[in-house]
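J.: Before I ask anything, let me first share the structure, which is written out below as structure tokens.
Protein chains: 2
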Amino acid sequence: MLNFEFYNPARIVFGKGTEESVGERTANFGKNVLLHYGGGSIKKNGIYDKVLKSLKEQNLNIIELDGVKPNPRLSLVRKGIEICKKENIDFILAVGGGSVIDSAKAIAIGAKYDKDVWDFFISSNMAQEAIPIGVVLTIPAAGSESSSSCVITNDEDNNYKRGTQSLAYIPKFAILNPETCYSLPKYQIACGCSDILAHLIERYFTEVENVELSDRLIEGAVKTILNNAPIAYKDNTNYDAWAEIMWTGTIAHNNLLNMGRIGDWASHQIEHELSALYDLTHGAGLAIVIPAWMKYVYKHNIDKFYQFATRIFHIIDEDKEKAVLKMIETLEKWYCDLDLPIKLSQVNIEPIKFEEMAERALLHRGTIGNFKKLVKEDIVKIYNLCM
Amino acid sequence: MLNFEFYNPARIVFGKGTEESVGERTANFGKNVLLHYGGGSIKKNGIYDKVLKSLKEQNLNIIELDGVKPNPRLSLVRKGIEICKKENIDFILAVGGGSVIDSAKAIAIGAKYDKDVWDFFISSNMAQEAIPIGVVLTIPAAGSESSSSCVITNDEDNNYKRGTQSLAYIPKFAILNPETCYSLPKYQIACGCSDILAHLIERYFTEVENVELSDRLIEGAVKTILNNAPIAYKDNTNYDAWAEIMWTGTIAHNNLLNMGRIGDWASHQIEHELSALYDLTHGAGLAIVIPAWMKYVYKHNIDKFYQFATRIFHIIDEDKEKAVLKMIETLEKWYCDLDLPIKLSQVNIEPIKFEEMAERALLHRGTIGNFKKLVKEDIVKIYNLCM
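Rendered as structure tokens:
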């Protein structure tokens with residue numbers, strides 16, 4: 089186990105009716121509130137009305153900024169920063185999923201920074217200051233509601249999709265009511281669960297040894313998402329399944345599960361180029377990339393893969409390789425049962441840009457991945473395994 | 089899953105050499121520091137010197153209060169409160185295990201309260217204010233380094249041992265270097281691991297349904313402590329085993345694992361009377377009480393017990409009762425392998441005070457336990473099962 093520092097001061101407010109407290113919680117941080125959200129879904133499902141009512145009861149000055157798209161764009165972030173500076177915003181309330189939260193995080197740090205906010209995304213500089221933010225989560229997926237990560241797409245420069253890390257913008261509170269998930273479209277349910285699973289898998293595969301507790305905690309979380317995603321997918325008003333998924337989504341990405349170890353993250357970076365160039369939903373891209381990545385790297389540490397296969401899928405075989413391949417197959421079936429693609433051909437992506445995407449993935453960094461460090465050639469091979 | 093709120097802002101600083109940062113971290117909170125510890129063990133193992141050196145480098149005003157005993161006493165807490173008020177203490181640094189930390193917590197809330205600090209321990213009032221505290225942990229056991237609990241023994245009134253809960257005294261930082269455990273006596277190693285296991289078991293057995301994620305996380309933590317305690321017990325300088333135990337001890341009690349569920353805690357309360365009247369070490373008492381409690385309550389929800397037996401100990405039997413009894417036997421063997429007592433007779437405690445202890449356990453509350461609510465008759469029967 090490596091030395092580590094764990095600090096996560098997000099307050100998770102979980103359960104039925106919890107969104108009714110949003111106004112009171114927001115009012116603790118000031119008068120001027122930027123209400124940030126995406127499109128019409130929160131208006132259709134009633135969350136927007138509930139949140140606005142609760143905020144208005146506290147007589148807050150509310151300025152709205154909507155229009156966040158999946159793979160949130162830098163241009164909208166810039167607009168948000170301008171509003172924050174002009175209107176003396178005290179608090180940013182993000183109502184939505186990971187894209188809205190990440191957009192809010194980028195605005196929060198940009199508004200306290202006198203240079204270009206994109207600097208944080210192309211360097212290892214961590215933002216030290218942010219406008220406090222709060223979250224009403226409507227899509228369990230990205231885990232951004234209590235994470236130190238933020239991923240933004242630069243729509244002004246080749247759609248580069250890059251992430252940054254900071255403790256400054258960890259939400260002051262995140263309200264999670266599993267009932268808000270009832271109205272999610274099937275495709276979004278599947279993509280969200282795929283994203284959560286990927287956060288766990290990226291953390292699991294590490295070359296750091298003697299990490300028994302976190303291995304076992306991740307295994308428990310993986311089992312939970314594997315079990316509950318198909319239930320919510322079939323029965324979208326199943327509170328219990330949604331509660332498991334939503335809580336797992338938070339735990340999967342609040343940093344607890346990678347303390348003392350180093351996650352891999354190559355699959356995320358390989359996928360980012362797919363969603364950047366083809367605007368593929370992140371969770372769908374991960375369903376394609378994760379099995380391909382596994383096929384490419386498992387021989388690098390077959391014992392870790394065999395442990396994953398036996399402890400989670402109960403696949404036991406004297407021939408470890410056979411067991412691992414069976415595990416990957418089982419995982420692919422799980423994605424298929426959620427009607428997710430597991431091949432690029434299913435989403436009409438052809439191999440023509442593999443070289444370009446590999447180069448883009450490596451820009452601003454020499455290699456990707458930590459479990460196994462990957463160079464351009466490796467990444468192209470993994471894209472080929474996605475076909 | 090029940091509605092819940094999770095908030096734990098403790099900063100866990102984990103690993104080799106981390107105690108060297110204690111001065112700098114302490115200095116962030118002010119000049120006047122109460123250095124609180126137990127007896128001579130931290131002087132013998134060098135931790136005291138290291139901490140003092142680091143504090144002195146920051147030119148802090150250090151006032152020392154030593155003498156914390158296992159089952160920390162109210163009288164010393166009162167002394168600490170007096171010092172804090174008189175000396176304008178800004179920060180309390182607890183160097184030790186759960187007893188020292190709990191003593192520091194009680195001092196921290198007492199110093200900010202104008203009535204009797206014992207009020208918090210005999211009512212459901214939660215302290216709202218506390219002097220900030222920090223921790224250098226030397227014994228993994230109580231989990232107090234990031235928990236909201238604090239247990240104090242009232243040596244002025246019949247040695248009543250009572251707990252309180254508050255978010256106000258959650259340590260600002262807790263420094264955990266597994267190497268500090270190398271010098272622990274064997275008995276303390278065993279008792280600490282028994283306490284950690286008990287925190288997990290108390291949380292596991294709940295009547296709340298649909299708690300799959302937390303069930304599985306607890307199972308992972310239980311497996312880790314079961315595996316690593318015997319290793320550290322035999323090989324007391326095994327860093328990897330200590331790292332697992334220390335991190336598990338924190339996770340076991342930082343509230344994460346009981347979100348959305350209600351733990352039982354009867355075993356703790358039954359044991360508290362043993363350690364109060366006979367000054368038995370808490371972890372040793374738990375090794376006796378936990379199996380007895382299990383034998384008494386398992387029929388109340390055999391499925392939950394069977395799940396524990398199969399998922400953790402891989403005991404499978406069509407006859408669930410047989411499997412559960414086998415699990416309890418296996419657990420008893422685990423305690424025995426750590427040379428812990430599993431019967432009161434082994435620690436020369438006779439049945440003469442069972443009635444009195446049951447009455448004491450029920451004082452200030454009608455029943456104990458949540459998995460199965462216990463009245464006096466039940467508690468006496470459990471004490472009898474401890475014979």
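These protein sequence lines are chains A and B, in that order. Residues 89 to 475 (the numbering used here) make up the first sequence, in order. Residues 89 to 475 (the numbering used here) make up the second sequence, in order. Ideal placement from N, C-alpha and C gives every residue a C-beta, glycine not left out.
Do we get a CB-CB distance below 8 Å when we pair residue 477 of chain A with the residues of chain B?
T.: In the structure as shown, chain A begins at 89 and stops at 475. Residue 477 of chain A is therefore absent and cannot be evaluated.
J.: Apply the 10 Å Cβ neighbour rule to residue 186 of chain B and answer buried if 16 or more other Cβ atoms are within range, or exposed otherwise.
T.: Counting from one through the second sequence, the residue named residue 186 of chain B turns up at place 98. Residue 186 of chain B comes out buried.
J.: Which class does residue 253 of chain B belong to by DSSP, given the choice of helix, strand or coil?
T.: Here the question's residue 253 of chain B lines up with position 165 in the second sequence. Strand, per DSSP.
J.: Does any residue of chain B bring its CB to less than 8 Å from the CB of residue 273 of chain A?
T.: Working through the first sequence from its first residue, we reach residue 273 of chain A at position 185. So no, residue 273 of chain A is outside the interface.
J.: Expressed to the nearest angstrom, what Euclidean distance is found between the alpha-carbon atoms of residue 461 of chain B and residue 362 of chain B?
T.: Taking the second sequence and counting its residues from 1, one reaches residue 461 of chain B at position 373. Taking the second sequence and counting its residues from 1, one reaches residue 362 of chain B at position 274. Whole-angstrom Cα-Cα distance: 20 Å.
J.: Output, in sequence order along the chain, the residues in the region 333-347 of chain A whose CB is closer than 8 Å to any CB in chain B.
T.: Here the close residues are 335, 336, 339, 344, 347.
J.: Here's a check: name, in chain order, each residue in its chain whose Cβ is nearer than 7 Å to the Cβ of residue 290 of chain B, leaving out the five neighbours to either side.
T.: Position 202 of the second sequence, counting from 1, holds the residue named residue 290 of chain B. Excluding sequence neighbours, residue 290 of chain B sits near 351, 352, 353, 355, 356.
J.: Helix or strand or just coil, what does DSSP make of residue 248 of chain A?
T.: Numbered from 1 along the first sequence, position 160 holds the residue referred to as residue 248 of chain A. Of the three classes helix, strand and coil, the one that applies to residue 248 of chain A here is strand, per DSSP.
J.: Quick check on residue 212 of chain B: buried or exposed, where buried means 16 or more other Cβ atoms within 10 Å of its Cβ?
T.: Position 124 of the second sequence, counted from the start, is the residue given in the question as residue 212 of chain B. It is exposed - the Cβ of residue 212 of chain B has fewer than 16 other Cβ atoms within 10 Å.
J.: So, using beta-carbon positions, are residue 257 of chain B and residue 196 of chain B closer together than 8 Å?
T.: Working through the second sequence from its first residue, we reach residue 257 of chain B at position 169. Working through the second sequence from its first residue, we reach residue 196 of chain B at position 108. Yes. Within cutoff.
J.: Can you list the residues of chain A that residue 453 of chain B reaches, using a CB-CB cut of under 8 Å?
T.: The sequence position of residue 453 of chain B within the second sequence is 365, counting from 1. Correct list: empty, because the minimum Cβ distance to chain A is about 26 Å.
J.: How close, in whole Å, do the beta carbons of residue 311 of chain B and residue 304 of chain A come, if the pair is a contact with beta carbons under 8 Å?
T.: In the second sequence, counting from the first residue as 1, residue 311 of chain B sits at position 223. In the first sequence, counting from the first residue as 1, residue 304 of chain A sits at position 216. Confirmed, about 6 Å.
J.: Between residue 67 of chain B and chain A, is there a C-beta pair that is closer than 8 Å?
T.: For chain B, the structure presents residues 89 to 475; residue 67 of chain B sits outside this window and is missing.
J.: Should residue 404 of chain B be labelled buried (16 or more other beta-carbon atoms within 10 Å of its own) or exposed?
T.: Along the second sequence, one-based indexing puts residue 404 of chain B at 316. So residue 404 of chain B ends up on the exposed side.
J.: Say whether the region 142-151 of chain A touches the region 295-302 of chain A, bearing in mind that this needs 3 or more beta-carbon pairs closer than 8 Å, one atom from each stretch.
T.: The region 142-151 of chain A vs the region 295-302 of chain A: no contact.
J.: Do you know how far the Cα of residue 159 of chain A is from the Cα of residue 277 of chain A?
T.: By 1-based counting over the first sequence, the position of residue 277 of chain A is 189. By 1-based counting over the first sequence, the position of residue 159 of chain A is 71. Going from the Cα of residue 277 of chain A to the Cα of residue 159 of chain A covers about 17 Å.
J.: Here's the rule: buried if 16 or more other CB atoms are within 10 angstroms of the residue's CB, otherwise exposed. What is residue 438 of chain B?
T.: As a working mapping, residue 438 of chain B is identified with position 350 in the second sequence. Residue 438 of chain B is exposed by the Cβ-count criterion.
J.: Contact criterion: CB-CB distance below 8 Å. Does residue 94 of chain B meet it with respect to chain A?
T.: Locating residue 94 of chain B in the second sequence gives position 6, counting from the first residue. Closer than 8 Å to some Cβ of chain A, the Cβ of residue 94 of chain B qualifies, so yes.
J.: Assign residue 440 of chain B to one of two classes, buried (16 or more other C-beta atoms within 10 Å of its C-beta) or exposed (fewer than that).
T.: As a first step, residue 440 of chain B is located in the second sequence; it is residue number 352 there, counting from the start. Its Cβ having fewer than 16 others within 10 Å, residue 440 of chain B is exposed.
J.: Alpha helix (DSSP H) containing residue 129 of chain B: first to last residue?
T.: In the second sequence, residue 129 of chain B corresponds to position 41, counting from 1. Run containing residue 129 of chain B: 129-132, per the alpha helix (DSSP H) assignment.
J.: If you check the beta carbons only, do residue 259 of chain A and residue 284 of chain A fall under 8 Å apart?
T.: Your numbering for residue 259 of chain A matches position 171 in the first sequence. Your numbering for residue 284 of chain A matches position 196 in the first sequence. No, they are not a contact pair.
J.: When you compare each of A:457, A:451, A:118 to residue 245 of chain A by their alpha carbons, which one comes out closest?
T.: Counting from 1 along the first sequence, the entry for residue 245 of chain A is found at position 157. It is A:451.
J.: Contact criterion: CB-CB distance below 8 Å. Does residue 349 of chain A meet it with respect to chain B?
T.: For the purposes of this step, residue 349 of chain A is taken as residue 261 along the first sequence, with counting starting at 1. No, because no Cβ of chain B sits closer than 8 Å to the Cβ of residue 349 of chain A.
J.: Which ranges does the alpha helix (DSSP H) cover as unbroken runs of at least 4 residues, wholly within the region 180-207 of chain B, from first to last along the chain?
T.: With a minimum length of 4 residues, the continuous alpha helix (DSSP H) runs that stay inside the region 180-207 of chain B are 186-198.
J.: Do we get a CB-CB distance below 8 Å when we pair residue 104 of chain B with the residues of chain A?
T.: As a position in the second sequence, residue 104 of chain B is number 16, starting the count at 1. Yes, because at least one Cβ of chain A sits closer than 8 Å to the Cβ of residue 104 of chain B.
J.: For the alpha helix (DSSP H) holding residue 123 of chain B, just list the boundary residues, first then last.
T.: For the purposes of this step, residue 123 of chain B is taken as residue 35 along the second sequence, with counting starting at 1. Here residue 123 of chain B belongs to no alpha helix (DSSP H); instead the beta strand (DSSP E) covers 120-125.
J.: Secondary structure at residue 110 of chain B, three-state DSSP: helix, strand or coil?
T.: Along the second sequence, read from residue 1 onward, the residue named residue 110 of chain B stands at position 22. Correct three-state label for residue 110 of chain B: helix.
J.: Are there 16 or more other CB atoms within 10 angstroms of the CB of residue 463 of chain A, so buried, or fewer, so exposed?
T.: Position 375 of the first sequence, counted from the start, is the residue given in the question as residue 463 of chain A. So residue 463 of chain A ends up on the exposed side.
J.: If we define contact as Cβ-Cβ less than 8 Å, is residue 312 of chain B a contact residue for chain A?
T.: Walking along the second sequence from the start, residue 312 of chain B turns up at place 224. So yes, residue 312 of chain B belongs to the interface.
J.: Extract the residue ranges of the alpha helix (DSSP H) inside the region 322-393 of chain B, only unbroken runs of 4 or more that lie entirely within it.
T.: Listed in chain order, they are 327-339, 354-366, 370-385.
J.: Going by DSSP, what residue range makes up the beta strand (DSSP E) through residue 463 of chain B?
T.: As a first step, residue 463 of chain B is located in the second sequence; it is residue number 375 there, counting from the start. Note, residue 463 of chain B: premise wrong, no beta strand (DSSP E); not H, not E.
J.: By how many angstroms is the C-alpha of residue 449 of chain A removed from the C-alpha of residue 402 of chain B?
T.: Your numbering for residue 402 of chain B matches position 314 in the second sequence. Your numbering for residue 449 of chain A matches position 361 in the first sequence. If I take the Cα positions, the gap works out to 44 Å.
J.: Here's the rule I'm using: 16 or more other beta-carbon atoms within 10 Å means buried, otherwise exposed. How should residue 107 of chain B be labelled?
T.: Counting from one through the second sequence, the residue named residue 107 of chain B turns up at place 19. It is buried - the Cβ of residue 107 of chain B has at least 16 other Cβ atoms within 10 Å.
J.: Give the single residue among B:359, B:224, B:467 whose Cα lies nearest to the Cα of residue 137 of chain B.
T.: In the second sequence, residue 137 of chain B corresponds to position 49, counting from 1. Residue 137 of chain B has its Cα closest to that of B:224, out of B:359, B:224, B:467.
J.: With DSSP run on the structure shown, which of helix, strand or coil describes residue 97 of chain A?
T.: Taking the first sequence and counting its residues from 1, one reaches residue 97 of chain A at position 9. Of the three classes helix, strand and coil, the one that applies to residue 97 of chain A here is strand, per DSSP.
J.: With a CB to CB cut of under 7 Å and the five nearest residues on each side skipped, what residues in its chain are close to residue 62 of chain B?
T.: Nothing about residue 62 of chain B can be reported from this structure: the residues present for chain B run from 89 to 475 only.
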